[in-house]
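So the sequence shown is residues 1 to 609, counted in full-length UniProt numbering.
Please read the structure below before turning to the comments.
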Amino acid sequence: TRQYIPTKYSTLEKYGQRVLHVDSRSYYGGNWASFSFSGLLSWLKEYQENSDVGTENSMWQEQILENEEAILLSSKDKTIQHVEVFCYASQDLHKDVEEAGALQKNPASVMSAEAAEATEAAEAACLPTAEESLSTRSCELPAEHSQCTGPESSPEVNDAEVGEKETHSDAKSSTEQSSENLPKVQDNTETPKRNVITYSQIIKEGRRFNIDLVSKLLYSRGLLIDLLIKSNVSRYAEFKNITRILAFREGTVEQVPCSRADVFNSKQLTMVEKRMLMKFLTFCVEYEDHPDEYKAYEETTFSEYLKTQKLTPNLQYFVLHSIAMTSETTSSTVDGLKATKKFLQCLGRYGNTPFLFPLYGQGELPQCFCRCKAIVDQFGQRIVSKHFVIEDSSLSENTCSGGQYRQISRAVLITDGSVLKTDSDQQVSILTVPAEESGSFAVRVIELCSSTMTCMKGTYLVHLTCMSSKTAREDLERVVQKLFTPYTEIEAENEQVEKPRILWALYFNMRDSSDISRDCYNDLPSNVYVCSGPDCNLGNDNAVQQAETVFQQICPNEDFCPAPPNPEDIILDGDSSQQEVSESSVIPETNSETPKESTVLGDSEEPSE
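Quick look at the structure:
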């Protein structure tokens with residue numbers, strides 16, 4: 001995977017391998033990347049205008065020696081399809097609207113471009129209607145909500161993403177400097193009013209958004225967390241606990257009790273249900289020691305097995321959709337027990353739920369691993385390498401013709417409220433909405449608040465994900481309509497709207513190549529290693545396993561991602577002063593209590609490996 005190619009790079013360099021990282025994109029991570037709002041609009045424009053290069057550069061052909069055969073890579077990324085963008089917020093764009101805290105560029109060449117972009121955005125106030133496709137460029141008066149055509153509807157930053165993704169120090173400082181520009185939310189508990197957020201405000205605060213192309217969480221005892229701790233890469237990132245596990249049942253969103261304390265403090269469950277649930281969850285943790293309890297149901301679905309365990313329908317629903325998070329029709333009993341055990345084992349390590357989310361988004365993780373030198377715009381140089389690691393999306397259609405790809409349906413929403421209101425507006429939630437009809441899939445909803453550093457204050461960033469059966473909009477719109485309502489200026493005056501309102505929405509399909517085996521690729525040399533893009537699973541275990549597998553093929557019998565030496569422990573030329581520092585550094589640091597707002601990785605219960 002492109003995310004964990006940097007993982008292999010950092011590890012290979014520790015074993016004396018020289019690594020050259022080549023990427024045609026101007027940002028890290030490929031389909032694992034995160035973007036600011038303007039960066040996402042630029043990404044949309046890139047995919048809208050993406051086409052095969054008509055004229056080939058013949059310079060590389062001069063580097064081919066006799067008896068060598070060139071394997072052409074794809075000049076067009078075809079992993080993203082069916083892109084649809086909708087803007088529901090009031091589009092009161094003005095010529096002076098620009099992104100707050102934007103990175104400074106060459107004033108002579110860029111400032112004029114920004115002015116042109118702002119002018120273009122103002123002219124784009126009349127946008128195509130929602131029924132038109134992304135590529136439609138007609139200019140009609142907008143209906144109650146309108147569909148944005150990527151760059152035609154808003155200003156964008158053409159090269160800011162490169163600097164932004166290299167470091168967040170500038171972003172953090174600009175965030176602090178621009179905090180005065182945030183819309184003020186009045187605290188009126190008697191007659192609460194929603195803050196009216198316009199599209200120009202989203203553009204202006206665009207750098208406060210960090211929008212992931214792929215939506216995942218980190219299991220607190222998952223392979224990625226263990227890898228971050230083991231390699232000491234965790235020092236480059238901070239994490240926030242997922243605070244709520246939610247369920248959508250009979251048209252209502254409710255919080256699911258997970259831990260022992262949550263179960264016994266729950267007002268949703270009767271005392272009998274609490275005892276039933278705790279007894280069953282205790283069994284799930286130890287199910288492998290009691291095979292007789294489930295052996296007769298190994299061939300049945302987990303849903304059918306739950307019906308035999310004397311659980312009420314309410315408890316069956318919670319366990320199936322919010323704890324195990326498995327399919328009602330396809331997941332076996334063993335799969336469900338395994339998923340439930342994994343969920344329960346992750347409780348309590350860093351919080352009351354099993355999950356963590358990296359501040360600034362999933363796209364931070366590739367940068368944490370990637371500390372490689374970059375070579376920019378180099379042509380005509382012949383480089384000899386023993387090993388070549390490549391992502392599936394870079395291979396040509398002829399090379400990939402033997403594989404049958406699955407698709408992932410994705411939606412990204414910017415909303416003005418949470419799906420479940422509480423006293424705190426800084427909740428991070430995960431919700432699974434079951435499939436309603438045969439052939440469709442359950443939809444995973446992850447709702448992020450502004451303290452995750454992924455959206456501006458007063459908004460929520462919502463990710464929806466499922467396996468594709470149709471286009472992303474067709475797969476996900478039914479869930480969006482159940483949980484949210486489109487923003488309109490008429491409804492803005494009516495403060496009794498119960499559902500959170502959608503300000504902006506993006507739908508797209510992403511290719512899932514995680515199940516493609518090497519045998520499906522045609523005519524690849526033995527020293528070419530192919531990694532898949534993101535899969536549809538909630539966690540990152542598949543990507544970590546792929547990275548380790550490729551590493552072991554290149555460096556057999558070596559330790560994957562070892563911890564780097566402590567700089568204070570390195571002795572240079574027998575320097576006595578360095579020796580003293582080394583001796584003093586043997587004393588371990590005590591683990592401080594985990595802050596409420598963010599989590600620094602490290603196991604407080606057991607020493608990390």
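All C-beta atoms, glycine included, are put in the ideal place defined by N, C-alpha and C.
As the structure is a computational prediction, the values presented were derived from the model and not from experiment.
> Taking only runs of the beta strand (DSSP E) that begin and end inside the stretch 248-327, which ones reach a length of at least 3 residues, in chain order?
Replying inline: Qualifying beta strand (DSSP E) stretches, in chain order: 252-255.
>> Less than 8 Å between the C-beta atoms of residue 544 and residue 390, yes or no?
In response: No.
> To the nearest angstrom, how far is it from the Cα of residue 173 to the Cα of residue 28?
Replying inline: Since pLDDT at residue 173 reaches only 46, below the 50 mark, its modelled position is unreliable, and the value read off the structure follows with that caveat. Each residue's Cα considered, the two are about 21 Å apart.
> For residue 209, which residues from the same chain have a beta carbon less than 6 Å from its beta carbon, with the 5 sequence-adjacent residues on both sides left out?
Replying inline: Non-local C-beta neighbours of residue 209 in its own chain, meaning closer than 6 Å and more than five positions away in sequence, comprise 36, 37, 455, ordered along the chain.
> Does the stretch 197-206 come within contact of the stretch 449-468, defined as at least 3 CB pairs closer than 8 Å?
Replying inline: Yes, they touch.
>> Taking the straight line between their C-alpha atoms, what separation do you get for residue 278 and residue 272?
In response: Here the C-alpha atom of residue 278 lies approximately 10 Å from the C-alpha atom of residue 272.
> Would DSSP call residue 241 helix, strand or coil?
Replying inline: Looking at residue 241 - three-state DSSP - the assignment turns out to be strand.
>> Check for me: the beta strand (DSSP E) holding residue 81 runs from which residue to which?
In response: 80-87 is the extent of the beta strand (DSSP E) around residue 81.
> In its own chain, which residues sit with a C-beta less than 7 Å from the C-beta of residue 527, not counting the 5 before and 5 after it?
Replying inline: If the five residues before and after residue 527 are omitted, its C-beta is found closer than 7 Å to the C-beta atoms of 386, 387, 388, all from its own chain and listed in chain order.
>> Helix, strand or coil, according to DSSP, for residue 398 in the structure here?
In response: The answer is helix: DSSP assigns residue 398 an H, G or I state.
> Straight-line CA distance for residue 63 to residue 26?
Replying inline: Each residue's Cα considered, the two are about 25 Å apart.
>> What does the Cβ neighbour count give for residue 513, buried or exposed, with the cut at 16 atoms within 10 Å?
In response: With 16 or more other Cβ atoms within 10 Å, it is buried.
> Do the CB positions of residue 314 and residue 402 come within less than 8 Å of each other?
Replying inline: The beta carbons of residue 314 and residue 402 sit no closer together than 8 Å.
>> Just to confirm the assignment, what range does the beta strand (DSSP E) spanning residue 406 have?
In response: Unbroken beta strand (DSSP E) run through residue 406: 406-415.
> For the 8 Å Cβ check, are there 3 or more pairs between the stretch 248-259 and the stretch 287-304?
Replying inline: At 8 Å Cβ cutoff, the stretches do not touch.
>> residue 220 and residue 228 - do their beta-carbons sit closer together than 8 Å?
In response: No, the pair does not count as a contact, with Cβ atoms beyond the cut-off.
>> Below 8 Å on the Cβ atoms is my contact criterion, and I expect residue 302 with residue 335 to pass it. Report the Cβ-Cβ distance as a whole number of Å.
In response: About 6 Å separates the Cβ atoms of residue 302 and residue 335, confirming a contact at the 8 Å cut-off.
>> What does the Cβ neighbour count give for residue 366, buried or exposed, with the cut at 16 atoms within 10 Å?
In response: With 16 or more other Cβ atoms within 10 Å, it is buried.
> By DSSP, does residue 390 sit in helix, in strand, or in coil?
Replying inline: Of the three classes helix, strand and coil, the one that applies to residue 390 here is strand, per DSSP.
> Among all the DSSP beta bridges, which residues are the ones paired with residue 360?
Replying inline: Looking at the DSSP assignment, residue 360 forms no beta bridge with any residue, so it has no partner.
> Counting along the chain, where does the beta strand (DSSP E) carrying residue 505 start and finish?
Replying inline: Bounds of the beta strand (DSSP E) holding residue 505 are 501-512.
> How is the alpha helix (DSSP H) around residue 478 delimited, first residue to last?
Replying inline: Where residue 478 is concerned, the enclosing alpha helix (DSSP H) starts and stops at 472-483.
>> For a test of the three-state rule: what should DSSP assign to residue 335, helix, strand or coil?
In response: Shown here, residue 335 sits in a helix according to DSSP, grouped into three states.
> beta strand (DSSP E) containing residue 516: first to last residue?
Replying inline: Under the DSSP assignment, residue 516 falls outside any beta strand (DSSP E); it carries neither an H nor an E label.
>> Do residue 539 and residue 217 have their beta-carbon atoms positioned less than 8 Å apart in this structure?
In response: In this structure, residue 217 places its C-beta atom within 8 Å of the C-beta atom of residue 539.
>> Would the stretch 413-421 count as touching the stretch 549-560 if we require 3 or more Cβ pairs under 8 Å?
In response: Contact between the stretch 413-421 and the stretch 549-560 is absent, with fewer than three C-beta pairs closer than 8 Å.
> residue 222 by DSSP, collapsed to three states: which one?
Replying inline: In the three-state DSSP reduction, residue 222 falls in the coil class, being neither helix nor strand.
> Would DSSP call residue 181 helix, strand or coil?
Replying inline: No answer about residue 181 holds up, because its pLDDT of 45 lies below 50 and its placement is not dependable.
>> Rounding to the nearest angstrom, what Cα-Cα distance links residue 471 and residue 509 in this structure?
In response: Cα to Cα, residue 471 sits roughly 7 Å from residue 509.
>> Can you find the residues in the same chain that come closer than 6 Å, C-beta to C-beta, to residue 399, ignoring five residues on each side of it along the sequence?
In response: Contacts found: 521, 522.
> Taking the alpha carbon of residue 450 as the point to measure from, which residue in 598, 466, 546, 476 has its own alpha carbon closest?
Replying inline: Relative to the Cα of residue 450, the nearest Cα in the group 598, 466, 546, 476 belongs to 598.
> Under the rule that 16 or more other beta-carbon atoms within 10 Å means buried, what is residue 24, buried or exposed?
Replying inline: A residue is called buried when at least 16 other Cβ atoms come within 10 angstroms of its Cβ; residue 24 does not meet this threshold and is exposed.
>> Please list the terminal residues of the continuous alpha helix (DSSP H) segment that includes residue 601.
In response: DSSP places residue 601 in no alpha helix (DSSP H); its state is neither H nor E.
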